Amino acid sequence: MLMNNFLKNRKSIRNFKDKYLDIKILRSIREKCNEFEKEGSDKFEFLLFEDGERIFESLNGIGGYSGVMIRSPHYIGLNTKDNGEKTIIYGAYYIEKLITELTNLNVGCCWISIKDVDENIKEELFHMKSGNIDYLLSIGYPIAKNPFIESPTSSRIAVKDIVFKNEIGKPISIEELESRGLDDLFYYIRFAPSFYNIQPWRFVLKGDRVVLFLSYLSDEELNLADAGIIMYYFEGLAKTIGIDSKWKLVENHDYEDREYKYKCIGELKL
Ligand SMILES: Cc1cc2nc3c(=O)[nH]c(=O)nc-3n(C[C@H](O)[C@H](O)[C@H](O)COP(=O)(O)O)c2cc1C
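If you read the sequence shown in the numbering used here, its first letter stands for residue 140, the second for the next number, and so on.
Rendered as structure tokens:
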């Protein structure tokens, strides 16, 4: 499927059939986890937990948004071996790449945040030798949708509120985006998932580069996973319009206005 359609149609799945995934599908998922770990970094790994019931029972009431844990037959954990920003960003990037593969296998999924769960509980539950798991993916067969009921969609903010020229807050015209062939990219990129659907990504076009920032109010709210996710989709969408570039992480030039702080994440050559 083309990435723009994929993004527009993708949705988090929170209701799963009470049924294990087929053994062959689990094998394909394990293979993809191994492949993306090798491609990514030795600083993170994907752990497939087949005994979903055990995980659900332990995290029910403490995992997920406000303790609302999602029940699924299996889970995948993102185990980060250090707290480095790069590790979290690229761990999330590759989780999202994995989600593309899961969707191709007709497997539904949803990110689950378990940042607030006590580390001792996590260690006992996941038996990792080292590292920390702040995110899980619930995975399984989605419950079939009722064709007579329109399923709710999560809202998205306007292109003009996420894309700027030269500086955050300085508008860029839709005509300029069109003339540079970037209008569709910025239209579709908004359908990427984000923590609490906050959509913190801000893009600043500077000459032949685009710079990515994440907006946040206080240090606790800065969610670097959202950066990795958007970087993955941006590269994929850019490729469809002939831009074969990768993000380069950059460290400084953070920014602040009256309302938000903006962490500079990286830049990509257009
Ligand atoms: C890093 C991250 C953590 C998330 N954590 C949770 C979670 O704990 N519980 C949940 O129900 N959804 C979680 N989500 C899913 C988002 O709420 C969802 O992607 C967003 O609301 C947009 O909806 P959509 O994916 O259906 O388009 C998370 C998403 C991301 C990217």
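Glycine included, each C-beta is placed from N, C-alpha and C at the ideal position.
Model, not experiment: these values are computed from the prediction.
Margin query: What does DSSP give as the partner residue(s) for Cys248 in the beta ladder?
Written below: In the sequence shown, counting from the first residue as 1, residue 248 sits at position 109. Note: Cys248 sits in a beta bridge opposite Ile278.
Notebook entry, point to check: What are the boundary residues of the alpha helix (DSSP H) that includes Glu390?
Noted result: Your numbering for residue 390 matches position 251 in the sequence shown. It is not in any alpha helix (DSSP H) - Glu390 carries neither H nor E in the DSSP assignment.
Note to self: Using only the alpha-carbon positions, how far apart do Leu160 and Leu407 sit?
What the structure shows: Mapped onto the sequence shown, residue 160 falls at position 21. Mapped onto the sequence shown, residue 407 falls at position 268. So the alpha carbons of these two residues sit roughly 38 angstroms apart.
Margin query: Between which residues of its own chain and Lys400 is the CB-CB distance below 6 angstroms, once the five residues before and five after are set aside?
Written below: Within the sequence shown, the letter at position 261 stands for residue 400. Counting only Cβ-Cβ distances below 6 angstroms, and skipping sequence neighbours, we find Tyr355.
Checklist line | Residue burial classification, Gly273 (beta-carbon count within 10 angstroms, cutoff 16) | finding: The residue you call residue 273 lines up with position 134 of the sequence shown. A small fix is needed here, since residue 273 is Asp in this sequence, not Gly. With 16 or more Cβ atoms within 10 Å of its Cβ, Asp273 is classed as buried.
Notebook entry, point to check: For Pro286, is the classification buried or exposed, using 16 other Cβ atoms within 10 angstroms of its Cβ as the cut-off for buried?
Noted result: Mapped onto the sequence shown, residue 286 falls at position 147. It counts as exposed.
Margin query: Alpha carbons only, please: which of Arg153, Phe145, Asn173 and Ile260 is nearest the one belonging to Ala283?
Written below: Here residue 283 refers to the residue found at position 144 when the sequence shown is read from its first residue. For Ala283, the nearest C-alpha among the options comes from Arg153.
Item checked: For Leu187 and Phe175, the rounded distance between their alpha carbons -> On the sequence shown, residue 175 is found 36 positions in, with the first residue counted as 1. On the sequence shown, residue 187 is found 48 positions in, with the first residue counted as 1. Computed Cα separation, rounded: 13 angstroms.
Checklist line | Alpha carbon of Phe342 to alpha carbon of Arg149, nearest angstrom | finding: The sequence position of residue 342 within the sequence shown is 203, counting from 1. The sequence position of residue 149 within the sequence shown is 10, counting from 1. Whole-angstrom Cα-Cα distance: 22 angstroms.
Note to self: Could you check whether the Cβ of Lys150 sits closer than 7 angstroms to any heavy atom belonging to ligand 1?
What the structure shows: For this step, residue 150 is matched to residue 11 along the sequence shown. Correct: Lys150 has its Cβ closer than 7 angstroms to ligand 1.
Check: Which residues share a DSSP beta bridge with Glu184?
Finding: The sequence position of residue 184 within the sequence shown is 45, counting from 1. In the DSSP output, where bridge partners are listed per residue, Glu184 has Asn218.
Margin query: Closer than 7 angstroms to a non-hydrogen atom of ligand 1 - does that hold for the CB of Arg329?
Written below: By one-based count along the sequence shown, residue 329 stands at place 190. Arg329 Cβ: outside cutoff for every heavy atom of ligand 1.
Item checked: Buried/exposed call for Asn305, threshold 16 Cβ in 10 Å -> Within the sequence shown, numbered from 1, the residue matching residue 305 stands at position 166. That one is exposed.
Next item on the list: For Cys403, write down the residues that DSSP places opposite it in a beta bridge.
Entry: Mapped onto the sequence shown, residue 403 falls at position 264. Bridge partners of Cys403: Phe352.
Check: For Lys378, does the three-state DSSP call read helix, strand or coil?
Finding: Along the sequence shown, one-based indexing puts residue 378 at 239. Three-state DSSP puts Lys378 in a helix.
Note to self: Just to confirm my understanding: we take Asn218, look at its own chain, exclude 5 residues before and 5 after, and list those with CB closer than 6 angstroms. What are they?
What the structure shows: Here residue 218 refers to the residue found at position 79 when the sequence shown is read from its first residue. Same-chain partners within the cutoff: Glu184, Leu186, Met267, Gly270 and Ile272.
Check: CA-CA distance, Ile194 and Gly206?
Finding: Sequence index remark: in the sequence shown, residue 194 carries index 55 (1-based). Sequence index remark: in the sequence shown, residue 206 carries index 67 (1-based). Looking at the two C-alpha atoms, the distance is approximately 13 angstroms.
Item checked: Arg341: first and last residue of the uninterrupted beta strand (DSSP E) it sits in -> Taking the sequence shown and counting its residues from 1, one reaches residue 341 at position 202. Note, Arg341: beta strand (DSSP E), Trp340 to Lys345.
Checklist line | C-beta contact flag for Gly135 and Val389 at 8 angstroms | finding: Only positions 140 to 409 of the chain appear in this structure, which leaves residue 135 out of reach.
Next item on the list: Would you check whether ligand 1 has a heavy atom nearer than 7 angstroms to the C-beta of Ser333?
Entry: Translated into positions along the sequence shown, residue 333 becomes position 194. Ser333: yes, Cβ under 7 angstroms from ligand 1.
Checklist line | Nearest-angstrom Cβ-Cβ length linking Pro281 and Phe155, presumed shorter than 8 angstroms | finding: Here residue 281 refers to the residue found at position 142 when the sequence shown is read from its first residue. Here residue 155 refers to the residue found at position 16 when the sequence shown is read from its first residue. Rounded, the Cβ-Cβ distance is 6 angstroms, consistent with contact.
Check: What distance in whole Å lies between the Cβ atoms of Phe352 and Ile307, which are believed to be in contact at a cut-off of 8 angstroms?
Finding: Along the sequence shown, one-based indexing puts residue 307 at 168. Along the sequence shown, one-based indexing puts residue 352 at 213. About 7 angstroms separates the two Cβ atoms, so the contact holds.
Checklist line | Straight-line gap, Lys378 to Leu264 (C-alpha atoms, nearest Å) | finding: For this step, residue 378 is matched to residue 239 along the sequence shown. For this step, residue 264 is matched to residue 125 along the sequence shown. Between Lys378 and Leu264, the C-alpha separation is close to 40 angstroms.
Note to self: Along the chain, where does the alpha helix (DSSP H) containing Lys177 start, and where does it finish?
What the structure shows: Stepping through the sequence shown from its first residue, residue 177 is reached at position 38. Ile162 to Gly179 is the span of the alpha helix (DSSP H), which, as asked, contains Lys177.
Margin query: Which same chain residues end up closer than 8 angstroms to Ser384 when comparing Cβ atoms and leaving out the 5 residues on each side of it in sequence?
Written below: Position 245 of the sequence shown holds residue 384. Excluding positions up to five away in sequence, the list reads Glu374, Ala377, Leu407, Lys408 and Leu409.
Margin query: So that I know if they touch, is there some Cβ in chain D lying closer than 8 angstroms to that of Ser277?
Written below: Looking for chain D here will not work: only one protein chain is present.
Notebook entry, point to check: For Leu141, is the classification buried or exposed, using 16 other Cβ atoms within 10 angstroms of its Cβ as the cut-off for buried?
Noted result: The residue you call residue 141 lines up with position 2 of the sequence shown. By the 10 Å Cβ count, Leu141 comes out exposed.
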